[in-house]
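Residue numbers (our numbering): 2 to 500.
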Amino acid sequence: MTSTQTPLKVTQEKLPASQVGLEIEIPGATCQEVYDKVVAKVLRSTAVPGFRKGKVPRHILLQRVGIANLKIAALEELVDTSIKAAIRQEEIPALGNLQLRSQFEDLIATFEPGQPLVISASVDVNPDVTLSSYTGLVVEYEPAQPDPDYVSKTLAHHQNERATLLPVEDRPAQAGDVAVVDFRAVFADTQEPIENAQAEDFQLELSQGQFLPELIEGIVGMEVGQTKEINLTFPADYFDQDLVNQAAVFSVTLHELKEKELPPLDDDFAQEISEFKTLAELEAFLNSRQAENVEKTTRTNQEAALLNQLVENLTVELPEVMVQQEVNYILSRTLSRLKSQGLDVGNNIPEEILDSLRQQARPEAIAQLKRTLALGYVAKQEKISPDPEAIQQRIAELNASMQDRRLDQNRLKEVVESEILEELTVNWLLEKSELKIAAPQPASEATPEETSAATATVEVSATPVESQSGNEADSESSPAPKEGSRKRKKPNPSPAADS
């Protein structure tokens with residue numbers, strides 16, 4: 002406000018979309034004071050021929066600058082300071098998006114220094130949140146299913162990585178062999194060469210999931226030295242989308258054939274790929290790790306089902322400024338992830354692409370905000386609060402794990418406190434809910450994504466051990482960490498690093 006700190010007469014009105022409307026009556030004395038300050042500022046800064054700067058008579062200044070322009074400048078100052086002063090005076094929990102609802106042209110026409118002025122404005126505020134119910138919920142969830150063949154698949158993966166290739170000369174190619182071939186491809190209809198679809202001395206493993214399935218099937222049965230034409234159609238998941246469903250003819254010459262000699266599954270093998278002394282110990286570890294991950298995934302499914310049901314009981318109008326802030330956070334997180342993957346996103350992304358990314362992020366932002374607000378409502382109603390010692394312990398763990406970054410400790414504490422509060426609230430809600438395993442959907446109704454989610458193998462995460470060739474094993478199937486520890490999910494959003 003102004004130096005006189007004259008109270009404002011403020012009338013509040015609840016508006017849609019979590020906005021508060023304000024009708025603000027500015028005293029005439031305040032209007033006069035602001036106008037006089039604007040005139041004094043212009044007097045000090047305006048140069049008029051024949052007068053020293055700051056010594057221009059007021060009436061000459063008014064003629065030169067124009068009373069209308071001075072009123073506009075004073076009015077802009079009054080509107081800005083009065084809206085902010087009204088928010089402070091009324092202790093309104095404003096989020097932002099301060100807007101003048103009055104027509105500025107109308108204010109200019111009615112504004113007279115020394116006379117009261119009434120302006121209308123609006124501001125986004127924290128939304129009113131209500132939950133029709135949050136205890137006694139019946140939560141149906143899908144339990145994660147372990148893969149009974151997980152241990153054998155994992156060990157086979159590491160056997161395959163450490164296999165010795167032996168030359169084959171006395172038989173045709175078999176599934177599982179490694180073939181060295183030349184190939185070139187043309188479109189079946191035009192016989193035109195397909196760009197980047199030719200190679201010499203190309204080493205290809207004849208296994209499912211490797212390269213083009215129909216090409217693999219066509220090479221199986223070939224003899225060394227044989228040339229063969231193989232007809233195929235590029236599959237739907239082919240990396241070059243321009244070739245998907247296109248018919249092609251591959252001319253393939255088989256030069257060499259090798260078979261894999263796998264190392265035996267014994268205690269020596271277990272010691273080579275892990276820190277366990279026996280194969281039995283390694284198998285026990287893999288079984289226990291998968292069981293642990295199945296349990297974690299089942300718990301995650303329970304929490305997701307609970308939150309989905311909780312949000313269904315939620316009534317809230319999200320203010321646009323809150324949605325935009327969450328969208329911007331998701332966009333920032335996406336760009337950071339792309340950078341970490343080595344993609345040069347830079348700072349010159351076209352605005353239309355950014356707008357598209359924002360639109361894509363909007364549903365996720367709204368869903369996340371609703372989950373957060375619903376949990377916050379429950380925590381407030383039930384007076385759930387995190388233990389200060391637990392907060393400090395997690396902060397210490399995060400600082401220790403991220404020694405290469407200087408973290409904003411105030412922001413870190415805020416994020417950790419929010420994270421722990423959400424965990425406590427979810428735990429409380431689960432205890433107050435009835436958990437039921439969801440009935441399986443009929444196969445004809447379940448989508449591929451739903452079927453996959455219900456039956457997918459839980460990946461075992463572990464620190465990979467280097468193979469003899471110096472390459473790291475696939476981290477998804479690495480059997481044993483050198484220094485295994487359960488990794489905590491990083492705070493969301495992540496604390497900002499100091500620049």
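Ideal Cβ placement from N, Cα and C applies to all residues, glycine included.
Please go through the same chain and pick out, in chain order, the residues whose beta-carbon is closer than 6 Å to the beta-carbon of Ser470, but skip the five residues on each side of it.
Its pLDDT being 33, under 50, Ser470 is placed unreliably by the model, and nothing is read from it.
According to DSSP, simplified to helix, strand and coil, what is Ser402?
helix
Using a Cβ-Cβ cutoff of less than 7 Å, which residues in the same chain neighbour Gln310 once the five nearest sequence positions on both sides are dropped?
Leu138, Val140
According to DSSP, is Pro17 helix, strand or coil?
coil
Where Gln199 falls: helix, strand or coil (DSSP)
strand
Smallest Cα separation from Pro114: which of Glu34, Ser103, Ser83?
Glu34
Between the alpha carbons of Ala439 and Asn302, how many angstroms are there, rounded?
11 Å
Taking the straight line between their C-alpha atoms, what separation do you get for Ser19 and Glu352?
28 Å
Just the Cα atoms here: how many angstroms apart are Ile367 and Ser341?
26 Å
Going by C-alpha distance, which of Leu156, Ile217, Arg45, Val187 is nearest Ile274?
Leu156
Per DSSP, the bridge partner or partners of Lys259
Pro168, Val179
In whole angstroms, give me the CA-to-CA distance for Glu435 and Gln393.
33 Å
Who are the near neighbours of Leu63 in its chain, counting only those whose CB is closer than 6 Å to its CB and skipping five residues on each side?
none
Over the uninterrupted alpha helix (DSSP H) stretch that includes Gly29, give me the two end residues.
29 to 46
Beta-bridge pairing of Phe184 - partner residues as DSSP gives them
Ala200, Val253
Does the distance from the CB of Val328 to the CB of Ala362 come in under 7 Å?
yes
Just the Cα atoms here: how many angstroms apart are Arg59 and Val317?
55 Å
Reference Ala186; option with closest CA among Thr234, Gln204, Pro144:
Thr234
Relative to the alpha-carbon of Lys42, which residue among Ala74, Glu14, Cys32 has its alpha-carbon at the smallest distance?
Ala74
Starting from Leu101, follow the beta strand (DSSP E) in both directions and report where the run begins and ends.
95 to 101
Give me, in chain order, the residues of the same chain whose beta-carbon lies closer than 6 Å to that of Thr136; leave out the 5 immediate sequence neighbours on both sides.
Lys433
Is the beta carbon of Val169 closer than 7 Å to that of Gln204?
no
Return the first residue and the last residue of the beta strand (DSSP E) that Val139 is part of.
139 to 142
Measure the beta-carbon distance from Lys381 to Leu315 and round it to whole angstroms, keeping in mind my assumption that it falls under 8 Å.
So it is not a contact: roughly 14 Å between Cβ atoms.
Counting Cβ pairs, one atom from each stretch, are 3 or more of them under 8 Å apart for the region 263 to 278 and the region 158 to 166?
yes
Beta-carbon proximity list for Val312, same chain, < 8 Å, skipping 5 on both sides:
Ala368, Lys371, Arg372, Ala375
As assigned by DSSP and simplified to three states, the class of Arg407
coil
Check whether the region 219 to 237 and the region 112 to 127 are in contact - that is, three or more C-beta pairs closer than 8 Å.
no
Pull up the DSSP beta-bridge partners for Asp125, would you.
Gln20, Gly97
Does the Cβ of Ser83 have 16 or more other Cβ atoms within 10 Å, making it buried, or fewer, making it exposed?
buried
Should Gln211 be labelled buried (16 or more other beta-carbon atoms within 10 Å of its own) or exposed?
exposed
Residue burial classification, Val245 (beta-carbon count within 10 angstroms, cutoff 16):
exposed
When DSSP builds the beta bridges, which residues end up paired with Lys437?
Glu141
In the DSSP assignment, find the unbroken alpha helix (DSSP H) run with Glu230 in it and report its ends.
No alpha helix (DSSP H) holds Glu230; the beta strand (DSSP E) holding it covers 228 to 234.
For Asp268 versus Leu280, is the C-beta spacing smaller than 7 Å?
yes
List the endpoints of the continuous alpha helix (DSSP H) containing Thr7.
First-last for Thr7: undefined, no H or E at that position.
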